[in-house]
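First up is the structure itself, then whatever we jot down about it.
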Amino acid sequence: STFFRKVQSSAARASINGGGGGGRRGSSQGNSFFVPGATVGTVLMLGALHARRLYDDKKIEEAREKGIELEFHPDVKATFLSFLPLRTISRFWGFLTSVEYPIWLRPHVYNAWARAFHSNLEEAALPLEEYASLRHFFVRTLKEGCRPIDSDPCCLISPVDGTVLRFGELKEAGAMIEQVKGFSYSVSSLLGAKSFLPMTACENIQQESGGEDKSMGDETQKSWWRVSLASPKVRAISPESPMKGLFYCVIYLKPGDYHRIHSPVDWNVLVRRHFSGRLYPLNERAMRTIRNLYVENERVVLEGQWQEGYMAMAAIGATNIGSIELFVEPTLHTNRPRKKLLHSEPPEERVYEPEGNGIMLKKGDEVGAFNMG
Amino acid sequence: STVVLVFQAPVSSANERMPSDFKFCIERGDRIRMGEALGRWHD
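Residue numbers (our numbering), protein chains in the order written: chain F, 9 to 381; chain W, 4 to 46.
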């Protein structure tokens, strides 16, 4: 605002100095200052926001290095997000990023993107001029040999490029995964109530699920209005315990990462489930402030069997990367315009044929991709 | 965007002489690339 006041006062001075017929000239000079001034102001504001974000990220990183866990802490800004038309915003973002650039502009745009989000452009399979739009560039394939697959037959590989957020064995009643310290969500809510998750009946659920962790069950008792607005799938805690040897891993993909999803092992995909939920952002701040983030967001779940038993992979969308494409089912469309107000529809499910065998995927095979918007 | 994997993996029973437990070979906050091992077990 100081900058604009200066620009306005200099414009006014120019107008006074010009006087009479010269006043018109002075006014046009003021206008010509105003446009670059507004641009500079916008750039400065974006720069300040980016600097603040980097500072926050650094603080979080430092805290993590010191062993301080991020804690769940809902805030007003997060509540405000639920009133925004995030799906419409996401779809509009998709439309914007689908706009084709002239060939001479493409390397500049993609280089700027790579600098901002730390992408390695040397890995891109095609020359930058061949990516017609940012959306096309975002789901780029990689050069042959950029991602060697671990050849150990007794290993499970990462299906994506990303940052490991959580991993471990599911032992607790209800099979809960911690979102951040102080809040957990249940795996059956994430994968669907009809999932084949190997569980065993548990009689001591009250004793086992209680304690220091504010799990979903506790929250639902405390907050009736949240229960009434939440979809049915997130209300109840499962009265069962996971079988021994059930593990999980949560991997977060930053905007600069390679955004294709691959198969982690050789497995048979039997069922696909599409949850048409919300499209909250999935960044660190959102994780700390939005309840049931992964359970509420739009996602596609693939479920099947591998040599060691059960296998499920959930690809969860966000505001900027809202649509999930499955190469094994090209007809699936996600991030569709929403007709109903409440987010309580059951997931749309498809059993892959032939029944009992499903679709065979090899370790490292491309399964799908996250698209912009 | 985020990917969550849920899977069964080998765990050895108490009376096995050679443990064949699945072990993650990653740490929280690690950057991982597609194709790198998340965890291993012994045959």
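Just so it is clear, CB atoms sit at the ideal spot from N, CA and C, and this is done for glycine as well.
* For a contact meaning CB atoms closer than 9 Å, what does F:I298 contact in chain W? -> Among the residues of chain W, none has a CB under 9 Å from the CB of F:I298; the nearest is roughly 13 Å distant.
* To do: Report the rounded CA-to-CA distance for F:A209 versus F:E69, giving the unit in angstroms.
  => Their Cα atoms are separated by approximately 40 Å.
* **Proximal residues to F:I367 (C-beta, below 6 Å), its chain only, five neighbours per side dropped** => V277, V336 and Y360
* **Distance, F:E357 Cα to F:M207 Cα** => 21 Å
* Please decide whether F:I329 counts as near chain W, where near means a Cβ-Cβ distance under 8 Å. => Yes, F:I329 lies at the interface with chain W (some Cβ there is under 8 Å from its Cβ).
* To do: Report the rounded CA-to-CA distance for F:L369 versus F:S271, giving the unit in angstroms.
  => 7 Å
* Please report how far the alpha carbon of F:R143 lies from the alpha carbon of F:M380, in whole angstroms. => 6 Å
* In chain W, which residues lie less than 7 Å from F:V195 when you measure between Cβ atoms? -> Simply V9.
* Asked: If contact means a Cβ-Cβ distance below 8 Å, which residues of the segment 251-271 of chain F contact chain W?
  -> M251, K252, G253, L254, F255, Y256, C257, V258, I259, Y260, L261, Y266, H267, R268, I269 and H270
* Reference F:K179, options F:V258, F:L254 and F:R299, closest by Cα -> F:L254
* Asked: Would a C-beta distance cut-off of 8 Å place F:S98 and F:L287 closer than the cut-off?
  -> yes
* To do: Counting only the same chain and skipping the five closest in sequence on each side, list residues whose C-beta sits under 6 Å from that of F:P289.
  => A326 and T327
* Asked: Where do the ends of the alpha helix (DSSP H) carrying F:I97 lie?
  -> L94 to T105
* Asked: Between the Cα of F:Y302 and the Cα atoms of F:G312, F:V188, F:L52 and F:S127, which residue gives the shortest distance?
  -> F:V188
* Neighbourhood of F:S196 by C-beta, 7 Å cutoff - its chain only, sequence neighbours within 5 removed -> A183, S203, L205 and S246
* **W:R43 to F:R155 span [Cα, whole Å]** => 18 Å
* Asked: Where F:Y193 and F:K252 are concerned, what is the direct C-alpha to C-alpha distance, given to the nearest angstrom?
  -> 19 Å
* **Helix, strand or coil at F:R296 [DSSP, three-state]** => helix
* Asked: Could you check where the alpha helix (DSSP H) with F:P115 kicks off and where it finishes?
  -> R114 to F125
* What are the residues that DSSP puts in a beta bridge with F:M207? -> F:P250
* With C-beta atoms as the reference, is W:P13 less than 8 Å away from W:F27? -> Going by C-beta atoms, W:P13 is not nearer than 8 Å to W:F27.
* Measure the C-alpha to C-alpha separation of F:F80 and F:L92 and round it to an integer number of angstroms. => 22 Å
* DSSP on F:E316, reduced to helix/strand/coil? -> coil
* beta strand (DSSP E) containing F:T87: first to last residue? -> Segment V84 to L89 is the alpha helix (DSSP H) holding F:T87; no beta strand (DSSP E) there.
* To do: Return the CA-CA distance between F:V51 and F:D373, expressed in angstroms with no decimal places.
  => Approximately 42 Å between the Cα atoms of the pair.
* To do: Would you decide whether F:R382 is buried or exposed? Buried here means 16 or more other CB atoms lie within 10 Å of its CB.
  => Residue 382 of chain F lies beyond the stretch modelled for chain F, which goes from 9 to 381, so this question has no answer here.
* **Contact under 8 Å by Cβ, F:I332 with F:G376** => A contact, by the Cβ cut-off of 8 Å.
* Could you name the residues of chain W that F:F378 contacts, counting a contact when the two beta carbons are closer than 7 Å? => Ordered by position in chain W, the residues that pass the 7 Å Cβ test against F:F378 are S4.
* Consult DSSP for W:A12 and reduce its assignment to one of helix, strand or coil. => coil
* Straight-line CA distance for F:H58 to F:W101? -> 19 Å
* Enumerate in chain order the residues of its own chain whose CB-to-CB distance from F:F175 is below 6 Å, with the five nearest sequence positions on each side excluded. => C257
* F:G45 to F:A323, Cα distance in whole Å? -> 43 Å
* **Status (buried if at least 16 other CB within 10 Å, exposed otherwise) for F:I111** => Exposed.
* To do: Can you check DSSP and say which residues form a bridge with F:I68?
  => Answer by DSSP bridge pairing: none, since F:I68 is not bridged.
* Chain-order list of residues whose beta-carbon lies under 6 Å from that of F:A132 (same chain, five-residue window excluded) -> R148
* Asked: Just reading off the alpha helix (DSSP H) that F:H144 is part of, what are its end residues?
  -> Element bounds for F:H144: L142 to F146.
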